[in-house]
Amino acid sequence: MKLTFSKMRDVSDLIHTNRQQDFCDFLNSFEGDNILMKFKNILETWEYHVSPFFVISEGSKKINVSLDYIIKCITTDLAAIKTIIVDEFEIELQIPRKYELGDEIIPIYNILKSIRNDKVKIELDDLSLKDRQHVIDMLPAHLYTNIVQYISLDQSKILKLDNLTTFKFNFYTFDTYMFLKNIFGNYKREYFQDVVFHLSKRLGYDAIVASDLRDIEYYISKHNDEMEHQKKAMPSLD
C-alpha cells in the first residue's frame with residue numbers, strides 16, 4: 011500500500027472523526043497473519059513513504075530512532091503460540107490475529123486460540139467475535155482469572171528497545187493500536203490544508219494528492235530554498 015498524501019489525509023480524518031472501526035479496517039488491510047506482522051508491515055510502509063525515523067521522547071530528551079532498527083527487532087518468536095495448563099484444561103494463547111475494538115485492557119477473546127480438556131476442544135479462531143466473547147463469558151471464574159494472570163505476567167510478547175524505556179509494546183494488548191493511532195493522528199487537517207495552499211500553484215492538486223509524504227517534504231524543502239534564494243537576490247533598499 012502506498013501512503014499517499016490523499017491516503018494519509020483520509021486516515022487522519024478517520025481518527026479525528028472517531029471512526030475507530032474504519033481505522034481498524036485500514037490497519038487490517040495490511041498483510042500479516044497477526045497484529046505483530048501487520049504492525050511490522052505498517053512500519054515498513056511508513057519508513058518508505060513517510061519517514062525513516064520516529065522522534066521519541068525519553069525523559070526530557072527527544073531521540074531520533076531509525077525505523078530500520080525497530081523493524082529488525084520485530085522477530086517471529088514474539089508471535090509463538092504459548093500453551094498453559096490450568097487444572098484439567100489445556101489452553102493455547104496467541105497474539106491477536108487482527109485489530110479489533112474492545113473495552114478490555116487485555117482482549118482475552120482475541121488471545122485464546124483454543125481450549126481443551128479430555129472431553130472437548132474448542133477452536134476459538136473459527137468463531138466470530140461475538141461467539142468468542144460468549145465462550146469466554148462461560149469459562150469458570152477461577153480458569154478465567156488464571157488465564158488473565160498468566161497473560162498479564164507473560165513478558166515474551168513485549169517488544170523493547172535497548173536504552174529506550176518509553177518505547178515498549180505488549181502485543182497481547184492494544185499498545186500497537188494506540189501507537190499507530192497517535193502517529194497517523196499527528197497529521198491534522200491544518201497540515202494538509204497548508205501543503206495544498208503552498209504547493210498547488212507549483213505542482214498542481216493532482217500531483218500533490220498522488221505524492222507520498224516523503225515527496226511532499228522534499229517539495230516543501232525545495233520551495234523554501236527557492237523562496238530564500240529569491241529573497242537574497244532582491245536588491246537592498248538601504
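Position 157 of the sequence shown, counting from 1, maps to 167 under the numbering used here, and the rest follow consecutively.
Just so you know, even glycine gets a beta-carbon here, dropped at the ideal spot from N, CA and C.
Please read these numbers as outputs of a predicted model, since none were measured by experiment.
- Query: For the ligand FMN, is there a heavy atom less than 6 Å away from the beta-carbon of Lys123?
  - Reply: Judged by which ligands are present, the structure shown has none, so any question about the ligand FMN falls away.
- Task: Spell out the partners DSSP gives Asn156 in its beta bridges.
- Result: Residue numbering aside, residue 156 sits at position 146 when the sequence shown is read from its first letter. Answer is none; Asn156 lacks a bridge partner.
- Task: Tell me, to the nearest whole angstrom, how far the beta carbon of Val206 is from that of Tyr215; I am working on the premise that it is less than 8 Å.
- Result: Taking the sequence shown and counting its residues from 1, one reaches residue 206 at position 196. Taking the sequence shown and counting its residues from 1, one reaches residue 215 at position 205. Between Tyr215 and Val206 the Cβ distance is about 7 Å, and since that is below 8 Å, they are a contact.
- Rounded straight-line distance, which links the Cα of Val130 to that of Asp97: Position 87 of the sequence shown holds residue 97. Position 120 of the sequence shown holds residue 130. Cα to Cα, Asp97 sits roughly 15 Å from Val130.
- Message: Once the 5 residues before and after Arg126 are set aside, which same chain residues still bring their CB inside 6 Å of it?
- Response: As a working mapping, residue 126 is identified with position 116 in the sequence shown. The residues are Glu100.
- Given that a residue counts as buried once 16 or more other Cβ atoms are within 10 Å of its Cβ, and exposed if not, what is Asn234? The count along the sequence shown starts at 1 and reaches residue 234 at position 224. Classification of Asn234: exposed, given that the 10 Å Cβ count is below 16.
- Which residues bound the alpha helix (DSSP H) around Asn51? If you number the sequence shown from 1, residue 51 lands on position 41. It spans Ile45 to His59 - the alpha helix (DSSP H) in which Asn51 sits, taken as one unbroken run.
- Task: List the endpoints of the continuous beta strand (DSSP E) containing Lys71.
- Result: Position 61 of the sequence shown, counted from the start, is the residue given in the question as residue 71. Segment Lys71 to Ser76, the beta strand (DSSP E) holding Lys71.
- Query: Skipping 5 residues on each side, what residues in its chain have a beta carbon closer than 6 Å to that of Ser16?
  - Reply: Position 6 of the sequence shown, counting from 1, holds the residue named residue 16. Answer for Ser16: Val219, listed in chain order.
- What's the C-alpha gap between Trp56 and Asp185? In the sequence shown, the residue the question calls residue 56 occupies position 46. In the sequence shown, the residue the question calls residue 185 occupies position 175. Their backbone Cα atoms lie some 18 Å apart in a straight line.
- Any idea if Ser22 is buried or exposed, counting beta-carbon neighbours within 10 angstroms, 16 or more meaning buried? Along the sequence shown, one-based indexing puts residue 22 at 12. Its Cβ being crowded by 16 or more others within 10 Å, Ser22 is buried.
- Task: Taking 7 Å as the cut-off, decide whether the C-beta atoms of Leu46 and Tyr109 are in contact.
- Result: Along the sequence shown, one-based indexing puts residue 46 at 36. Along the sequence shown, one-based indexing puts residue 109 at 99. For Leu46 and Tyr109, no; Cβs fall outside 7 Å.
- Supposed contact pair Lys50 and Ile91 - C-beta distance, whole angstroms, cut 8 Å: Working through the sequence shown from its first residue, we reach residue 91 at position 81. Working through the sequence shown from its first residue, we reach residue 50 at position 40. Not confirmed; about 18 Å, so no contact.
- Pick from Ile52, Ile121, Ile116 and Asp43: whose alpha carbon is nearest that of Phe189? Taking the first residue of the sequence shown as 1, we reach residue 189 at position 179. The option with the nearest alpha carbon to Phe189 is Ile52.
- Message: Once DSSP output is grouped into helix, strand and coil, what is the label at Ile118?
- Response: Residue 118 sits at position 108 when you count from the first residue of the sequence shown. Helix, per DSSP.
- Ile73 and Ile80 look like a contact to me (Cβ under 8 Å); what is the Cβ gap, rounded to whole Å? Taking the first residue of the sequence shown as position 1, residue 73 is located at position 63. Taking the first residue of the sequence shown as position 1, residue 80 is located at position 70. Their Cβ separation, rounded to whole angstroms, is 12 Å, which puts Ile73 and Ile80 out of contact at 8 Å.
- Message: The beta strand (DSSP E) that contains Val130, what's its start and end?
- Response: Within the sequence shown, residue 130 is the residue found at index 120, counting from 1. No beta strand (DSSP E) contains Val130, which DSSP labels as neither H nor E.
- For Lys211, which residues of its own chain have a beta-carbon under 8 Å away from its beta-carbon, when the five flanking residues on both sides are left out? Start at 1 with the first residue of the sequence shown, and residue 211 comes out as number 201. Excluding positions up to five away in sequence, the list is empty.
- Query: Name the DSSP beta bridge partners of Thr176, please?
  - Reply: Looking up residue 176 in the sequence shown gives position 166. Partner(s): none; Thr176 has no beta bridge.
- Short Cβ contact (7 Å threshold) for Glu254 with Lys71: No answer is possible for residue 254: it lies beyond the span of the chain, which begins at 11 and ends at 248.
- Message: Using only CA atoms, which one of Ile226, Leu134, Asn120 and Gln203 lies nearest to Leu213?
- Response: As a position in the sequence shown, residue 213 is number 203, starting the count at 1. The shortest Cα separation from Leu213 among Ile226, Leu134, Asn120 and Gln203 belongs to Ile226.
- Is Lys131 close to chain D, meaning its C-beta is less than 7 Å from at least one C-beta of that chain? Among the chains in the structure shown there is no chain D, since it carries only a single protein chain.
- Query: To the nearest angstrom, how far is it from the Cα of Gln30 to the Cα of Leu24?
  - Reply: One-based indexing of the sequence shown puts residue 30 at position 20. One-based indexing of the sequence shown puts residue 24 at position 14. Their Cα atoms are separated by approximately 7 Å.
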